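Visitor: Sharing a structure, written as structure tokens. Questions coming.
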Amino acid sequence: MHPLEALQQNPFVLAPMAGITDHAFRTFMKALDASVVVTELVSAHGIEYASERTLQLMNFDETQRPVGIQLFGEDPEILGRAAQVAEQRGADFVDLNFGCPVPKVVKKGAGSAMLKDLPAMKKVLAGVKGAVKIPVTIKIRTGWDASLRNAIEVCRIAEGEGITWVAIHGRTRAQGYAGLADWDYIAEVKSQVNIPILGNGDLTSAKKAVARLKQSGCDGVMIGRGCLKNPTIFRQALHQWKNPGAETLAELPYLEVLSGLHQCLEKYTPPNLIGIQMKKFAAWFSSGYPGASQFRKQIFQSKSHEETMELAFQFFETVSVNAQQDTSHEEFLMGGHG
Ligand SMILES: Cc1cc2nc3c(=O)[nH]c(=O)nc-3n(C[C@H](O)[C@H](O)[C@H](O)COP(=O)(O)O)c2cc1C
Numbered sequence: 000m001h002p003l004e005a006l007q008q009n010p011f012v013l014a015p016m017a018g019i020t021d022h023a024f025r026t027f028m029k030a031l032d033a034s035v036v037v038t039e040l041v042s043a044h045g046i047e048y049a050s051e052r053t054l055q056l057m058n059f060d061e062t063q064r065p066v067g068i069q070l071f072g073e074d075p076e077i078l079g080r081a082a083q084v085a086e087q088r089g090a091d092f093v094d095l096n097f098g099c100p101v102p103k104v105v106k107k108g109a110g111s112a113m114l115k116d117l118p119a120m121k122k123v124l125a126g127v128k129g130a131v132k133i134p135v136t137i138k139i140r141t142g143w144d145a146s147l148r149n150a151i152e153v154c155r156i157a158e159g160e161g162i163t164w165v166a167i168h169g170r171t172r173a174q175g176y177a178g179l180a181d182w183d184y185i186a187e188v189k190s191q192v193n194i195p196i197l198g199n200g201d202l203t204s205a206k207k208a209v210a211r212l213k214q215s216g217c218d219g220v221m222i223g224r225g226c227l228k229n230p231t232i233f234r235q236a237l238h239q240w241k242n243p244g245a246e247t248l249a250e251l252p253y254l255e256v257l258s259g260l261h262q263c264l265e266k267y268t269p270p271n272l273i274g275i276q277m278k279k280f281a282a283w284f285s286s287g288y289p290g291a292s293q294f295r296k297q298i299f300q301s302k303s304h305e306e307t308m309e310l311a312f313q314f315f316e317t318v319s320v321n322a323q324q325d326t327s328h329e330e331f332l333m334g335g336h337g
């Protein structure tokens, strides 16, 4: 399915998160109703050198469609060739990362540095578009810093180059992950351009995701950290979007969540990492529930995978979705590649 068509059926997209939205996690989120999913960022240079680790990042399964492979780099030709590899591997679209604030990436002119050099960005867009037949999307920040918030200009260039959508993380590069995403600005951009826009930033509940989608007029929204504390956020958001005024789904489908994650990890994660991943996710999922800190202590002390699963089943069996307190004021994963 074309990614734009998927948005019409379900506008809640899984944001790319390096080290998190890997093969296993994307399959897991897709089963819990995420719409389009995007891989972690993949280095175009890494693809050029065909490094095994880099190629692995591009693996996906059929359940993830439509799935995009996110690339970063600064050279139009290298990015073009990397996009061809993504296309050959069957990706539904290629997403270009113009939001990464990490100094190592920015220093080379890649990631959010492209926001400071729009002629260079235009060349990259033309290079990649010319290299592949599949759709090309981009993910940006609102601008480089407060004095250079140029998302509108970026969107116009993207539209001119035939890009399919622009996803906007509502912070400047200079802001990092501090403060709040500026949804007023995202709405302003949406109102002034014709290219489809995905809004992104701080959608920590299904209610917020649906409200921001409506208020901003965006064509879709991307949810990143929100699904780490609430893995059912996509299902809840889709339910509320399709049934305006509907109550939240009260039951946490904990069996589906924990067993589903476990199955995905077993299938796609190296055996030595399954245990730690399960503990990490279960600890995040417990955020805001009564007894969460005690549960976290217990789970990180567990000696076997069986014990981890048992502790998790015991804990989540007793909680109701409505008992989860809002912990969005607490700092949580304040760094990333976009
Ligand atoms: C741990 C982490 C890793 C990230 N990695 C990427 C990435 O690889 N590519 C990208 O475009 N954005 C990346 N991001 C940014 C997210 O996609 C998203 O724009 C940002 O977290 C704001 O959305 P949220 O508040 O819903 O999390 C990452 C964010 C985090 C927290």
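Counting from 0, one number per residue, gives the positions in the sequence shown under numbering that gives the first Met the number 0.
All C-beta atoms in this analysis are idealised placements derived from N, C-alpha and C, irrespective of residue type, glycine included.
Everything numeric in this text was worked out from a predicted model, so none of it was measured.
With distances taken Cα to Cα, identify the nearest neighbour of C263 among A17, R25 and R88.
Guide: Comparing Cα positions, the closest option is R25.
Visitor: Based on DSSP bridge pairs, tell me the residues matched to V165.
Guide: Answer by DSSP bridge pairing, in chain order: I137 and I196.
Visitor: Thinking C-alpha only, which one of T53, V37 and V36 is nearest H44?
Guide: For the residues T53, V37 and V36, the minimum Cα distance to H44 belongs to T53.
Visitor: Just checking D181 against ligand 1 - is the residue's beta carbon closer than 6 Å to any of the ligand's heavy atoms?
Guide: The answer is no for D181.
Visitor: Sorted by chain position, which residues of the same chain lie with C-beta nearer than 7 Å to D183's C-beta, five sequence neighbours on each side aside?
Guide: So no residue of the chain qualifies.
Visitor: Please say whether A157 and I194 have beta carbons closer to each other than 7 Å?
Guide: Closer than 7 Å, so yes.
Visitor: Using a Cβ distance threshold of 8 Å, determine whether the stretch 87-101 contacts the stretch 59-71, with at least three qualifying pairs required.
Guide: Because the criterion of three Cβ pairs below 8 Å is met, the stretch 87-101 and the stretch 59-71 touch.
Visitor: For S285, which residues of its own chain have a beta-carbon under 6 Å away from its beta-carbon, when the five flanking residues on both sides are left out?
Guide: Around S285: A291 and F294.
Visitor: H22 to Y267, Cα distance in whole Å?
Guide: Cα to Cα, the separation comes out at about 6 Å.
Visitor: Under 8 Å, with one C-beta from each stretch per pair, do the stretch 192-206 and the stretch 222-234 reach the 3-pair mark?
Guide: The answer is yes - the stretch 222-234 touches the stretch 192-206, with three or more Cβ pairs under 8 Å.
Visitor: Sort out for me which residues DSSP pairs D94 with in a bridge.
Guide: Answer by DSSP bridge pairing, in chain order: Q69 and T136.
Visitor: From the DSSP output, in three-state form, read off M221 for me.
Guide: Of the three classes helix, strand and coil, the one that applies to M221 here is strand, per DSSP.
Visitor: Pull the bridge partners of V36 from the DSSP assignment, please.
Guide: According to DSSP, which records beta bridges pairwise, V36 is partnered with L13 and V66.
Visitor: Quick check on the burial criterion: 16 or more other C-beta atoms within 10 angstroms. Buried or exposed for Q174?
Guide: Flag for Q174 reads buried.
Visitor: Buried or exposed: S190, going by 16 or more other Cβ atoms within 10 Å of its Cβ?
Guide: Exposed, because fewer than 16 other Cβ atoms sit within 10 Å of the Cβ of S190.
Visitor: Consider the C-beta atom of G110 and the heavy atoms of ligand 1; say whether any pair is separated by less than 6 Å.
Guide: No; taking the cut-off as 6 Å, the Cβ of G110 has no heavy atom of ligand 1 nearer than that.
Visitor: M0: beta carbon under 6 Å from a heavy atom of ligand 3?
Guide: Inclusion of ligand 3 in the displayed structure is not the case, the ligand content consisting of ligand 1 alone.
Visitor: Cβ atoms of A322 and I298: under 7 Å apart, would you say?
Guide: Their beta carbons are not under 7 Å apart, which means I298 does not touch A322 by this criterion.
Visitor: Roughly how many angstroms separate the alpha carbons of L257 and F312, rounded to a whole number?
Guide: So the two alpha carbons sit approximately 7 Å from each other.
Visitor: Within 10 Å of its beta-carbon, does L56 have 16 or more other beta-carbons around it, so buried, or fewer, so exposed?
Guide: Counting Cβ neighbours within 10 Å, L56 comes out buried, since at least 16 surround it.
Visitor: Going by the beta-carbon positions, is the gap between I77 and E47 smaller than 7 Å?
Guide: A contact, by the Cβ cut-off of 7 Å.
Visitor: Please work out which residues of its chain come closer than 7 Å, Cβ to Cβ, to S215, disregarding the five sequence neighbours upstream and downstream, and give them in chain order.
Guide: The answer, listed in chain order, is W182, I185, A186, K189 and G198.
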